Amino acid sequence: MATAAEAAALVRPTDSLGLPLGPGQPPGFLHALGERDDWTDLRVYGALLGVGTELFTRAGVHLLSGFYGPFERALRDSGAEISFAPADFRRFAPLYERQCPRVMCTVASAPDADGWCSLALHAGGSIAELNRAAEDPERILVVEASSGYPRTSGLPPEYPHRLHVEQADVLIESDAAPLELPAPDPSDAERAIAANAAAFIASGSTVQTGIGAVPSMIATILAEGDYSDLGIHSEMFTDGLMELHLAGAVSNRKGIFDGISVATFAFGSKRLYDWLDGNGEVAFLPVDVVNSPETIRRNRSMVSINAALAVDVHGQVVADTIGGRQYSGIGGSEDFAAGSGFEVEDRSLICLPSTVEIDGELRSRIVPAFERGAVVTTPRHQVDVIVTEHGAAELEGKTVHQRGLELARIAHPDFRDELVEAAERASGGNSPLA
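So in the working numbering, spot 382 of the sequence shown is number 372, and the numbers just go up one at a time.
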């Protein structure tokens, strides 16, 4: 057993460090690393920071992130050494293997009587690399075993979702608690979006939801409505999905991983974390399993629900950048859009408010064409349904002209005419800007 400071001292001034995604990051260890200021060239690989630490403000520390959250955006805006690597969540595992950080770390639950530590709130893409680091005498595995993290399970023996204390080169005893991420209160527009999206879900559907007010509101609608026999196969497990369980709406007769809800990480409130502790109704599996389109397609009546920032009349989706500036990341949106597109009864919903106000000016999020420098997240051929507060546009199988008309119908009334005109110009495969 070591203190966090003793563990941090084992990282060299010039070194490489691998972090799991947000809820898998060890708080005490990262805080202790942030106390040091002797870094020469520390390369840190991770995504979606879930721990506040001074580490990434220090000279000589560079963070390569696969997904930006509030911490990354603040670091970027403050001039810290941070860069973004475009990759969907499923590709994090081979990226860890390619980078092969000398030091790998994770948070876990306190060990049980047999010395096993559950990986708590994160399975993700780091599990294989954690095990490789444990087996390599030239590398270091740091495990922060905290009594403040829930004990969750995987599906042993193939997906055990745990590490043994003997696998750790350094074991830190901790009482740190995970970052809480309660769902925000939805706006009127978000409530309307949620209602429009929920219309595509029926009893017997298998659902995937992301983070934010809209997915939370959709779950509330399902929990309070006359829905039953639902399945859950989701990259992220949230408070909303917990509410579906508590409402008795979940049977998980999905056709794959029957009887359990499947996720690869969880973020939410303390109430969610307490509910997950020792709860065998949810299994945490590696992201290459959960987000595999081939696995997703095997679920009964799959409905995936994700968010976007902007859409053009072709149906192209921008979901992780604003004006070409990194805002979030690709995550699993591509995987679930693809996986939910193989079966006729499956649906992939992409939700967004119809407008945004910038410097006092109301602008449409549905546009004739993206401006120069825009970065497309989801290509047009994988887009099924776009949902706003004004309705739902079903795009799959439609021409660009038809797509434009459908999108104009669910746009804010002030912008519908220009979208109709763009759709008319796009008739016959022409450019909407011609």
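Note that the Cβ used here is the ideal one computed from N, Cα and C, for glycine as well.
Please read all numbers here as calculations on a predicted model, not as lab measurements.
- Around ASP5, the same chain offers LEU32, ARG92, VAL93 as residues with beta carbons nearer than 7 Å, after the five sequence neighbours per side are excluded.
- Using a Cβ distance threshold of 8 Å, GLY12 and ALA(-6) do not count as a contacting pair.
- The count of Cβ pairs closer than 8 Å, one atom from the stretch 157 to 169 and one from the stretch 201 to 219, stays below three, leaving the stretches out of contact.
- Within the DSSP secondary-structure output, SER294 pairs in a beta bridge with GLN198, SER338.
- Taking SER241 as the centre and dropping the five residues before and after it, the same chain places the C-beta of SER218, ASP219, LEU220, GLY221 closer than 8 Å to its C-beta, in chain order.
- For the pair GLY14 and LEU109, the CB atoms are nearer than the 8 Å cut-off.
- Annotated as distal: VAL366 and GLY305, with beta-carbon spacing of 8 Å or more.
- Per DSSP, the continuous alpha helix (DSSP H) segment holding SER206 begins and ends at 203 to 214.
- In the structure shown, the three-state DSSP call for PRO10 is strand.
- Within its own chain, the residues whose Cβ lies closer than 7 Å to the Cβ of GLY270, once the five positions on either side in sequence are excluded, are SER143, listed in chain order.
- One thing to note: LEU20 has its Cβ within 8 Å of the Cβ of LEU45.
- Short of 6 Å from the beta carbon of ARG353, and not among the five residues preceding or following it, lie these beta carbons of its own chain, in chain order: VAL346.
- Per DSSP, ASP302 is one residue of the beta strand (DSSP E) stretching across 300 to 302.
- Under DSSP, GLY221 takes part in a beta bridge, and its partners are THR196.
- The stretch 331 to 347 makes no contact with the stretch 315 to 322; the number of CB pairs closer than 8 Å stays below 3.
- By DSSP's assignment, TRP106 forms a beta bridge with HIS154.
- Considering only HIS151, ILE191, SER206, the residue with the shortest C-alpha distance to ARG290 is ILE191.
- With a cutoff of 8 Å on beta-carbon distance, VAL41 and ALA98 are scored as not near each other.
- Note on the stretch 25 to 51: whole beta strand (DSSP E) runs with a minimum of 3 residues are 31 to 37, in chain order.
- Here LEU23 has ALA(-2), LEU45 as same chain residues with Cβ atoms under 6 Å from its own Cβ, once five neighbours each way along the sequence are excluded.
- By the CB criterion at 8 Å, LEU120 and PHE257 fall outside the cutoff.
- The criterion of a C-beta distance shorter than 8 Å is not satisfied by TYR86 and GLY56.
- Looking at ALA184, LEU409, SER294, the one whose alpha-carbon comes closest to that of SER195 is SER294.
- Residues of the same chain with a CB within less than 8 Å of the CB of ILE400, apart from the 5 flanking positions on each side, are SER344, ILE356, ILE376, VAL377, THR378, HIS380, GLY381, ALA382, ALA383 in chain order.
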